[in-house]
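Down below is the structure, laid out as structure tokens.
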Ligand SMILES: *Cc1c(COP(=O)(O)O)cnc(C)c1O
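Now the structure itself:
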């Protein structure tokens, strides 16, 4: 067995064989969705393919923000974001992964406590581990357990960070932000809310679940690669928080600043998202319609809104439904462990507002496949 790698790397083939046997192997596949309707992007408002006004501005920042990579375009984008969100300041990161990783690890460390919802995104989990703080995970959306945990343990730690997504990416569930705000204030915890999937989708002018619930998180994380249809992320909060992260968030300090061309695109795209009321209405109408169609065929769905997780159980079943839908022109993605817990493999359907006009075609394909599954 010489596949061209040294013996030291022989574990690679063994590991991958194990994944394949369990139907858990993910192979690079060019998204060849030509002729298909894409129902698995996070491009909720259909803006990713919308061209940007050409600007005579460099594509590369050339250095980290601290050194020479911070331009007027970055500063203007941060001010526009902050004033829209209603925060004092914001800071751009090159991705949501970098924003969460750097922010969590900068805020807490040894002797501190992170309390984290069980379904929080991998970037939050990785940031928490990297920080060296003690991590306590509370059951998904279970604020009573959270409060019991804090009552018992808060006193043993210096700082406490309570971190949650607002619209959970894999289950399509909503955090109870009012309750989390109350608990955070009561136990002197910093409330950090990752609005990745809610930004542009929920709240007045798409400002997210915290705006919808009229809750002010201490730290607001938004990503620009989802409904903004761009790339990158921001952390919004106080001016002091911004300056602190500028100095202490290692994923910010030791990384090239986001492209100036990207930064320059943000203010106009922000206006576009804020004004996309018709797209938001279409997105929510289409989502609730598809949920009704699937439920009528006996499909087990989770959550609410435009993230539609159709629970199928085993990876093999999730893959079979994925392929059956692709055969009918709907490009969807099966989601398997470790992204979701074992036994809860699913097909996650995420429409975009643009697909409202294709409603009949989508509905017919979903009905047909759901009937096949039910048998
Ligand atoms: C997608 C996502 C991220 C990561 O954002 P990127 O910009 O894609 O790195 C972080 N948090 C949540 C909840 C996400 O869904």
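Numbering (our numbering), first residue to last: 0 to 374.
Beta carbons are placed, not taken as given, at the ideal position from N, Cα and C, and that holds for glycine.
What you are looking at is a predicted structure, and each value in this text was computed from that prediction instead of being measured.
Excluding the 5 residues flanking it on each side, residue 76 has same chain C-beta neighbours closer than 7 angstroms at 91, 262, 265, 266, in chain order.
Around the beta-carbon of residue 78, fewer than 16 other beta-carbon atoms lie within 10 Å, marking it exposed.
A residue is listed when its beta-carbon falls short of 6 angstroms from at least one non-hydrogen atom of ligand 1; in chain order these are 94, 95, 96, 99, 120, 122, 164, 168, 193, 195, 196, 222, 224, 232.
One alpha carbon belongs to residue 113, the other to residue 161, and they sit about 6 angstroms apart. Secondary-structure assignment with DSSP links residue 218 through a beta bridge to 191. When DSSP states are grouped into helix, strand and coil, residue 137 belongs to the strand group. DSSP, reduced to helix, strand and coil, places residue 49 outside both helices and strands of the structure shown, so it counts as coil.
Residue pairing from DSSP leaves residue 27 without any beta-bridge partner. Apart from sequence neighbours up to five positions away, the residues of its chain that approach residue 139 with a beta-carbon distance below 8 angstroms are 116, 117, 118, 167, 170, 172, ordered along the chain.
In the three-state scheme derived from DSSP, where H, G and I count as helix and E and B as strand, residue 164 is classed as strand. Per DSSP, the unbroken beta strand (DSSP E) holding residue 114 starts and ends at 112-116. Taking a contact as a CB-CB distance under 8 angstroms, the pair residue 244 and residue 233 does not count as one, their CB atoms being some 11 angstroms apart. Taking 8 angstroms as the cut-off, the Cβ atoms of residue 84 and residue 103 do not count as close.
Here the alpha carbon of residue 109 sits roughly 16 angstroms from the alpha carbon of residue 188. Straight-line measurement puts the Cα of residue 342 at about 21 angstroms from the Cα of residue 370. C-alpha of residue 351 to C-alpha of residue 125: approximately 29 angstroms in a straight line. In the three-state reduction of the DSSP assignment, residue 235 falls in the strand class.
Taking the Cα positions, residue 224 is about 8 angstroms away from residue 42.
In the three-state reduction of the DSSP assignment, residue 299 falls in the strand class.
With 16 or more neighbouring CB atoms inside 10 Å of its own CB, residue 99 falls in the buried class. Selection 142, 111, 121, 219 evaluated against residue 132 yields 111 as nearest (Cα-Cα). Of 213, 204, 368, 186, the smallest CA-CA separation from residue 175 is found for 213. DSSP places residue 156 in the coil class of the three-state scheme, outside both helix and strand. Excluding residues up to 5 positions away in sequence, 324, 327, 328, 329 lie with their Cβ nearer than 7 angstroms to the Cβ of residue 364 in the same chain. By a beta-carbon distance limit of 8 angstroms, residue 186 contacts residue 149. Their separation comes to about 4 angstroms. With fewer than 16 neighbouring CB atoms inside 10 Å of its own CB, residue 6 falls in the exposed class.
Residue nearest to residue 199 within the set 144, 275, 321 is 275 (criterion: CA-CA distance). For the segment 245-281, the full-length alpha helix (DSSP H) segments reaching 4 residues or more read 249-252, 259-273 along the chain. Contact annotation: residue 165 and residue 228 have beta-carbon atoms that are not nearer than 8 angstroms. Between residue 297 and residue 344, the C-beta gap is not smaller than 8 angstroms, which leaves the two residues out of contact. DSSP places residue 345 within a strand segment (E or B) once states are collapsed to three. Non-local C-beta neighbours of residue 290 in its own chain, meaning closer than 7 angstroms and more than five positions away in sequence, comprise 300, 307, ordered along the chain.
Residue 61 is not bridged by DSSP to any residue.
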